[in-house]
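Enquirer:
Protein chains: 2
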Amino acid sequence: MSNTDNLKETIGSLQKEFTDNPDRAILSYSSLSKLKEGLQSKATLRDHKLTIDEPTSFGGKDEGPSPVELILAALGSCQEITYKAFATALGIDLKSVSVKLDAKLDLKGFLAIDDKTRPGFQNIDGIVKLESTAPKDQLDKLIEVVNAHCPVLDILQNKVPVKLSQTVFSNNQENETAAKVA
Amino acid sequence: MSNTDNLKETIGSLQKEFTDNPDRAILSYSSLSKLKEGLQSKATLRDHKLTIDEPTSFGGKDEGPSPVELILAALGSCQEITYKAFATALGIDLKSVSVKLDAKLDLKGFLAIDDKTRPGFQNIDGIVKLESTAPKDQLDKLIEVVNAHCPVLDILQNKVPVKLSQTVFSNNQENETAAKVA
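Note that the protein sequences, when read in sequence, are chains Z and P.
Going by numbering that gives the first Met the number 0, the first residue of the first sequence is number 0, and it counts up by one from there.
Going by numbering that gives the first Met the number 0, the first residue of the second sequence is number 0, and it counts up by one from there.
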């Protein structure tokens, strides 16, 4: 059985399982990260470890991508994986897929120079390159279904409710502050 | 000069430079990624390379974090870096900062089982642990300023305009499709 057959079977069996048992479709994801020396953070995602840092021009040591660059890598890879999954499930030829993304960020937001400037990306533009011999109507359908179901595209294009609480330790004593972000 | 002094000087000089020359504050970020075998993607962010993959239960080989896990690593590390930067700039004691994040994702969205279910995260909850001897009013101010200026928190809590165009190659011929995501 080829890899593609395996993937098609996996997608089909997941669809069946979660249609029959909707509660099982709700997944939990976690990350644990800690700032090390300078502006460098080490993140743990299950068994995977990442080093995140800032360029030297921003006071980091440039030993890894920056947090906002991870956002771009997440979107590009999520698009690609979603293309592969749906092309396989729908039986549409897809020989390769790659994504180039460009984003703008105005540091006047982060640096609190101008409170009307958002600290995050102003916008993200990208080109998705698909290699395929499928007819145009199939590819148009594929593009539509991918953009309707790509998790990271949804996360960026629509608000995600984020709730952060802060716990302060001093002299081994823990004091939970009341401040929260809803 | 200590690392903290260096960072304070860097932040101060960036603030001065971008106050005097607002146009220079607009930064460009890019990523280039490509799907390799299976569901594995390789991303390049300047000189940094990442392997992104899916767990075996979803048809991947689990050779790296998944795209949505990168989103969590981006948020955790961005919070930490923003805490360090503002604590340094404001002269507030901060011995350590770490972030634990938990998110829910309902696969009925991604798998097109239920079109009313969003494919991205339903929500993200987190705990930020700060080690500090600073008084409560200083820490409350720090928490407030960090959450108002953390780029990835803004990216997740507010919509980012994403525009993707698709280019199809077949038999070495390129045909740009009309489909776009605004």
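Glycine is no exception: its CB is placed at the ideal position from the N, C-alpha and C atoms.
Note that the structure is a prediction, hence the values are computed from the model and not measured.
Between which residues of its own chain and R117 (chain Z) is the CB-CB distance below 6 Å, once the five residues before and five after are set aside?
Expert: In the first sequence, the residue the question calls residue 117 (chain Z) occupies position 118. Cβ neighbours of R117 (chain Z) beyond the five flanking positions: G108.
Enquirer: Taking 8 Å as the CB-CB cut-off, is K115 (chain Z) touching chain P?
Expert: Along the first sequence, read from residue 1 onward, the residue named residue 115 (chain Z) stands at position 116. No, because no Cβ of chain P sits closer than 8 Å to the Cβ of K115 (chain Z).
Enquirer: Assign T55 (chain Z) to buried or exposed, taking buried as 16 or more other Cβ atoms, counted over all protein chains shown, within 10 Å of its Cβ.
Expert: Your numbering for residue 55 (chain Z) matches position 56 in the first sequence. Classification for T55 (chain Z): exposed.
Enquirer: Got a sec: is the Cβ-Cβ distance from L110 (chain Z) to anything in chain P below 8 Å?
Expert: On the first sequence, position 111 is the one that residue 110 (chain Z) refers to. Yes, contact with chain P.
Enquirer: To which residues does DSSP link K124 (chain Z) through a beta bridge?
Expert: In the first sequence, counting from the first residue as 1, residue 124 (chain Z) sits at position 125. Sequence check: residue 124 (chain Z) is Asp here, not Lys. In the DSSP output, where bridge partners are listed per residue, D124 (chain Z) has Z:D101, P:K162.
Enquirer: Can you give me the start and stop residues for the alpha helix (DSSP H) that T87 (chain P) sits inside?
Expert: Indexing the second sequence from 1 puts residue 87 (chain P) at position 88. T87 (chain P) -> alpha helix (DSSP H) spans 66 to 89.
Enquirer: So what's S131 (chain Z) in DSSP terms, helix, strand or just coil?
Expert: Position 132 of the first sequence, counted from the first residue, corresponds to residue 131 (chain Z). In this structure, S131 (chain Z) counts as coil in the three-state DSSP scheme.
Enquirer: Could you name the residues of the segment 27 to 45 of chain P whose beta carbon sits closer than 8 Å to any beta carbon of chain Z, in the order they occur along the chain?
Expert: Under the 8 Å Cβ criterion, the segment 27 to 45 of chain P contributes S27, Y28, S29, S30, L31, S32, K33, L34, E36, G37, L38, S40, A42, L44, R45.
Enquirer: Check K7 (chain Z) in the structure and name its three-state DSSP category.
Expert: For the purposes of this step, residue 7 (chain Z) is taken as residue 8 along the first sequence, with counting starting at 1. Helix at K7 (chain Z).
Enquirer: In the DSSP assignment, find the beta strand (DSSP E) that holds L31 (chain P) and state where it starts and stops.
Expert: In the second sequence, counting from the first residue as 1, residue 31 (chain P) sits at position 32. First-last of the beta strand (DSSP E) with L31 (chain P): 25 to 34.
Enquirer: Run through chain P and tell me which residues come within less than 7 Å of L100 (chain Z), C-beta to C-beta.
Expert: Mapped onto the first sequence, residue 100 (chain Z) falls at position 101. By Cβ distance, chain P contributes S29, S30.
Enquirer: Using a C-beta to C-beta distance shorter than 7 Å, which residues of chain Z count as neighbours of G63 (chain P)?
Expert: Numbered from 1 along the second sequence, position 64 holds the residue referred to as residue 63 (chain P). What G63 (chain P) touches in chain Z: H47.
Enquirer: So Q165 (chain P) contacts chain Z; which residues on that side make the cut at Cβ distance below 7 Å?
Expert: The count along the second sequence starts at 1 and reaches residue 165 (chain P) at position 166. Simply V127, L129, I142.
Enquirer: Using DSSP with H/G/I as helix, E/B as strand and the rest coil, what is A42 (chain Z)?
Expert: On the first sequence, position 43 is the one that residue 42 (chain Z) refers to. The answer is strand: DSSP assigns A42 (chain Z) an E or B state.
Enquirer: Assess contact between the segment 90 to 99 of chain P and the segment 29 to 49 of chain Z, defined as three or more Cβ pairs (one per stretch) separated by less than 8 Å. Is contact present?
Expert: Yes, the segment 90 to 99 of chain P touches the segment 29 to 49 of chain Z.
Enquirer: When you compare only the Cα positions, how much space is there between K15 (chain P) and H148 (chain P)?
Expert: On the second sequence, residue 15 (chain P) is found 16 positions in, with the first residue counted as 1. On the second sequence, residue 148 (chain P) is found 149 positions in, with the first residue counted as 1. Approximately 17 Å between the Cα atoms of the pair.
Enquirer: Considering just the uninterrupted stretch of the alpha helix (DSSP H) at I154 (chain P), what are its terminal residues?
Expert: One-based indexing of the second sequence puts residue 154 (chain P) at position 155. Per DSSP, I154 (chain P) belongs to the alpha helix (DSSP H) from 150 to 156.
Enquirer: Who are the near neighbours of V151 (chain P) in its chain, counting only those whose CB is closer than 7 Å to its CB and skipping five residues on each side?
Expert: Position 152 of the second sequence, counting from 1, holds the residue named residue 151 (chain P). Taken in chain order, the residues that qualify are A73, L74, C77.
Enquirer: At a Cβ threshold of 8 Å, is A178 (chain Z) touching chain P?
Expert: For this step, residue 178 (chain Z) is matched to residue 179 along the first sequence. Its pLDDT being 46, under 50, A178 (chain Z) is placed unreliably by the model, and nothing is read from it.
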